[in-house]
Amino acid sequence: MPKLLDPVAASADIAPSDIATEVQEYLARQNGKDLLRFITCGSVDDGKSTLIGRLLYDCKCLFEDQLASLEADSGRFGTAGAGQLDLALLVDGLAAEREQGITIDVAYRFFTTDRRKFIVADTPGHEQYTRNMVTGASTADAAVLLVDARKGVLTQTRRHSTIVSLLGVRHVVLAVNKMDAVGWDRETFERIAADYRVFAQRIGLDEVTCIPVSALTGDNVTKPSEHMGWYGGPTLLGHLESVDASAEEKLGAFRLAVQWVNRPNQDFRGFCGTVVGGPVRTGDDIAILPGGRTSRVARIVTMDGELETALPGQAVTLVLADEVDASRGDMIVAAAGRPEVADQFAAHVVWMDEQPLLPGRSYLLRAGTATVGAQVTELKHAINVNTQEHAAAKHLDLNDVGFCNLALDRLIPFDAYADSRETGSFILIDRLTNATAGCGMIRFPLRRASNIHRHASKLDRAARAGGLQKPCVLWFTGLSGSGKSSVADRLEQELHSLGRRTMILDGDNVRHGLNRDLGFTDEDRVENIRRVAEVAKLMVEAGLIVLVSFISPFREERRMARSLVEEGEFVEIFMDTPLEVCEARDPKGLYRKARAGQLPHFTGIDSAYEPPEAPEITLKGAEHGTDEMVAQVIGELRRRGVI
Amino acid sequence: MLLDLLLDTRPVAKDRPVTVPGDDLPAILTTPARLTHLQRLEAESIHIMREVAAQFQKPVMLYSVGKDSAVLLHLAMKAFHPSKPPFPLLHVDTTWKFREMIEFRDRTARDLGVDLMVHINRDGVRQGIGPFSHGSAVHTDVMKTQALKQALDAHGFDAAFGGARRDEEKSRAKERIFSFRTATHRWEPKNQRPELWSLYNGRIHKGESIRVFPLSNWTELDIWQYIHQEAIPVVPLYFARPRPVVERDGTLIMVDDDRLPLRPGEVPEMAWVRFRTLGCYPLTGAVRSTAATLPEIIREMLLSTSSERQGRVIDQDAAASMEAKKQEGYF
């Protein structure tokens, strides 16, 4: 902060009442300023951290002790040269970052000018940390993309631009940095700017401003450059102070995702949430989605008193005129301006997990306050973020972007992301690790689901089973050669001799028919299991005991298969035979081929097998004979009342 | 430049809703044309708190008695009004806190009618751990970090609110609002969950937890401004008055009780001082000041040339010390 006055002396000069008035006025002015959130991104070594350090330094947002520690650090880690302050060290906060001289995660910084308050997210340039850049971009109003004047627009610049465009960041600044290193050359700048404008237009970034700067020397960052008289535009800070931060979302209609139901006593039921899209007033007609019940806003409650109107961004508690029920996951919306309600939609997805996104695999999707099961039903194409080309893809890897159809296990309300960031966005969560595995921007709903209605049958599975048995799935999982099929075959004969109705689904047999179009990649394995699980479910509904004998290496797909049938109808049988034993048996000679490299994606060799964590039955294939194991299963089935 | 700002007398829009009294209706507030900066910050924090209340089984609010905790608690009262916050407050008492902090803590909990839990590391007390006998690093680790883990484990809290802000310190600037902790309370800065829009992923396995920082986007000025605007009570130690202090290694240490061992030649003097930040009294340096009112404090802060954590002995232990402490489970 400026003017290094002795605080004690300074305050002694002014009477207390004057101080109070002064401070009041100062604070009121601070509070009246608006806020711009922006990100900085670019390739490694383009000088992002230096630029932010420069903004903080020039805006006098550093304290003496911070400067002192910066001087000390510059000596230890600095890359700006002897005796120079390395401003990047102000922002690189993690020890690993300071040592490696790179940015790993988003750092948020705060500074204020006379005109505006800023939150800047410094985002990593390295491709492997793209997901952290996406984190920063999701809440940004503006993006400053840095390029090195010596290198021009690089692949990284194009990738970051694509993400900025996908995430709907409205204002884009191309800061051509290190102009000092190209002798402040006008042509260099204009060539890079022209290059970039062509590219930006192609990816739908309409508002682009190009500014030549030097973060190192500060030229055109906060002060107009003395070296680039040929440039007549604003400085970077001048531009950021003037871009329109208040641009309303296109939506214009009120939404509130119910976060929490407030029930302090029998007489009060309030729905807590944050207003999005448009203002809400007492007396407004509203609908509660996805259910569709309607009511009116009776009261808008806050601790400071009741409001007549609540604005977008306000966190309020609504009391409705009627005794209608709403809970977390529901959305209260303007009755006259409703969002889409569907269980299928098309969206752009950015994948952020080490485990690839596999179509057919079930994830948790969170949109607003709703959490539902979701699958990518069709990966229409992946987008090459460097070239913008669309390419066919079977899965999305870490940092990939794709355009997908998704199917949810129930209806949710939403808007297109282009109309509302808040109600058009979602994240995908891995069910096993709980990681935030991906994020998505909704484009449009798919109508196909709304015309298909379930037919309710008069006979149920128990009726079809005729009192003979409790229909269920006996799901055998284990390595190739572990003995699944042998045990399943013998078990089926045994059940048959006991007069039970059975069916066996064997991996190899099904792959000759229903699944003959599938290979052995991870995504095909997921689809393989999905189909078999659906067939098994139909057979359970037909009243049968279904024996499924599939390697089924992934926990997630076995969980999915389990979720298709009722509680207690899924018996997971783990053939716990060690790999060495299976490989020694090698009944079909497959391990030999796999070891010779002739059989890629072979489970246990170069594709993972995830053993069950809590199977209903574990069979020790190396220790017991087939008959013994069959007897063990029969015993368990009797205990469970299956037979 | 700031003084110019301070002296600027341009008219300013009213930034607080105006109460309009009605005859028999409850007071209705009028809403301004657009939200102020503080209203936005307030709304974001409330949104975060409600997410935690809805997503977790057993949240707790870490209450350190300082100004950030005061704001945190005030926001919690707002977020769940007319209900009380659906979680208790937890104060980890190192037994070396200023006496005024303890009085203020108990009074606040009583006045607001909220549930306050106090945890002291009894093992540490038995071993006689203290900042003078064992040094600030051991004291902080045992009486604060280990104590906090004990309390979180003992009660099985799955989410814990803290009042940390990103503008405080460099490693804090990198932290998510929902910050994942392993079952051993470790923070893994290189492997943080992406956090997009206002969609917070609070899903965890048993034993894991989330630390939640609703004040992430607030600055020190915002905090004081909000305390001023909302008339939130804070510990009197923030206001200057004559207090007994000794100057030691360039830091003014307040003689809060007779446990402070005086070095040869040290004589406590009465000086006009106040605290910019509060912790254990022997580890928290006072600043010389005559700022005895909120406007004076704010003015002093605006003119200050050092950051607020400077008064904390703890951050000066080693380079990147805060990051290391946070990885170990410190807040």
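Residue numbers (numbering that gives the first Met the number 0), protein chains in the order written: chain A, 0 to 642; chain B, 0 to 330. By construction, the Cβ of each residue, glycine as well, lies at the ideal position given by its N, Cα and C atoms.
Closest by C-alpha distance to residue i, when choosing among the options
| i | options | result |
| --- | --- | --- |
| B/F177 | B/H36, B/V51, B/E268 | B/V51 |
| A/L55 | A/A461, A/R108, A/I210, A/N30 | A/R108 |
| B/H73 | B/D110, B/P58, B/Q54 | B/D110 |
| A/L35 | A/D44, A/D303, A/D17, A/F110 | A/F110 |
| B/V64 | B/K83, B/P81, B/L251, B/H90 | B/H90 |
| A/V172 | A/C40, A/Q597, A/L563 | A/C40 |
| A/N261 | A/A244, A/G46, A/D324 | A/D324 |
| A/D266 | A/G237, A/L319, A/W259 | A/L319 |
| A/I616 | A/I633, A/D33, A/L445 | A/I633 |
| A/T435 | A/P586, A/A366, A/D283, A/R460 | A/A366 |
| A/T221 | A/W229, A/Y230, A/C209, A/G237 | A/G237 |
| A/P586 | A/V212, A/G482, A/G228, A/L26 | A/G482 |
| A/V641 | A/G567, A/A583, A/K379 | A/G567 |
| A/Q343 | A/F443, A/V545, A/R295 | A/F443 |
| A/M574 | A/Y608, A/R594, A/G401, A/G596 | A/Y608 |
Residue i: contacting residues in chain A (beta-carbon distance under 7 Å)
| i | result |
| --- | --- |
| B/I337 | As shown, chain B starts at 0 and ends at 330. That puts residue 337 of chain B outside it, with no answer to give. |
| B/W196 | S137, T138, R420, E421, S424 |
| B/A108 | Within chain A, no residue comes near B/A108; the closest Cβ sits about 18 Å away, beyond 7 Å. |
| B/D166 | F109 |
| B/A285 | Those within 7 Å of B/A285 in chain A number zero; the least Cβ separation is about 13 Å. |
| B/T218 | F109 |
7 Å Cβ cut-off: residues of chain B touching residue i
| i | result |
| --- | --- |
| A/W259 | R49, A52, A53 |
| A/K32 | H36 |
For residue i: DSSP bridge partner residues
| i | result |
| --- | --- |
| A/F267 | A/N264 |
| A/G401 | A/V348, A/A381 |
| A/P211 | A/V175 |
| A/V275 | A/R254 |
| A/M227 | BP columns for A/M227 are empty, so no partner. |
| A/S68 | None; A/S68 has no bridge partner. |
| B/S178 | B/R210 |
| A/Q343 | A/A406 |
| A/C438 | A/V349, A/I426 |
| A/E322 | In the DSSP output, where bridge partners are listed per residue, A/E322 has none listed. |
| A/W259 | A/C271 |
| A/G304 | A/T301 |
Within chain A, the residues that residue i reaches when beta carbons sit closer than 8 Å
| i | result |
| --- | --- |
| B/A69 | Simply none; closest approach about 15 Å. |
| B/S135 | Going along chain A, no residue has its Cβ under 8 Å from B/S135, so there is no contact; the nearest lies around 18 Å. |
| B/Q56 | Going along chain A, no residue has its Cβ under 8 Å from B/Q56, so there is no contact; the nearest lies around 14 Å. |
Contacts that residue i makes with chain B (C-beta to C-beta distance below 8 Å)
| i | result |
| --- | --- |
| A/L26 | Q224, H227, Q228, I297 |
| A/Y56 | Residues of chain B passing the Cβ test: none, with the nearest at roughly 14 Å. |
| A/Q343 | None at all; the shortest Cβ gap to chain B is about 20 Å. |
C-beta contact flag for residue i and residue j at 8 Å
| i | j | result |
| --- | --- | --- |
| A/I331 | A/I299 | no |
| A/T112 | A/V257 | no |
| A/D104 | A/P123 | yes |
| A/R430 | A/L467 | no |
| A/V570 | A/W474 | yes |
| A/V375 | A/R409 | no |
| A/F37 | A/V207 | no |
| A/S42 | A/T134 | no |
| B/F238 | B/R287 | no |
| A/A381 | A/A373 | no |
| A/A333 | A/D283 | yes |
| B/D67 | B/R164 | yes |
| A/M132 | A/H159 | yes |
| B/R49 | B/A78 | yes |
Under 9 Å by beta carbon: chain A residues contacting residue i
| i | result |
| --- | --- |
| B/W186 | The contacting residues do not exist; B/W186 stays about 11 Å from chain A at best. |
| B/M76 | M302 |
Per-residue contacts from residue i into chain B (C-beta, under 9 Å)
| i | result |
| --- | --- |
| A/V133 | P193, L195 |
Stretch-stretch touch, CB-based, cutoff 8 Å, three pairs: the region 538-547 of chain A with the region 512-524 of chain A: Touching, no.
Any 3 or more C-beta pairs closer than 8 Å across the region 342-356 of chain A and the region 392-404 of chain A: Output reads yes: the region 392-404 of chain A touches the region 342-356 of chain A.
Segment contact, 8 Å Cβ cut-off, at least three pairs: the region 150-167 of chain B with the region 95-105 of chain B: Short answer: they don't touch.
Segment contact, 8 Å Cβ cut-off, at least three pairs: the region 270-281 of chain A with the region 303-321 of chain A: The way I'd put it, the region 270-281 of chain A does touch the region 303-321 of chain A; three or more beta-carbon pairs between them come closer than 8 Å.
Validate contact between the region 143-158 of chain A and the region 209-219 of chain B using beta carbons, cut 8 Å, 3 pairs: No contact exists between the region 143-158 of chain A and the region 209-219 of chain B.
Cβ contact (3+ pairs, closer than 8 Å) linking the region 111-118 of chain B and the region 74-89 of chain B: Of all C-beta pairs linking the region 111-118 of chain B to the region 74-89 of chain B, three or more are shorter than 8 Å, placing the two stretches in contact.
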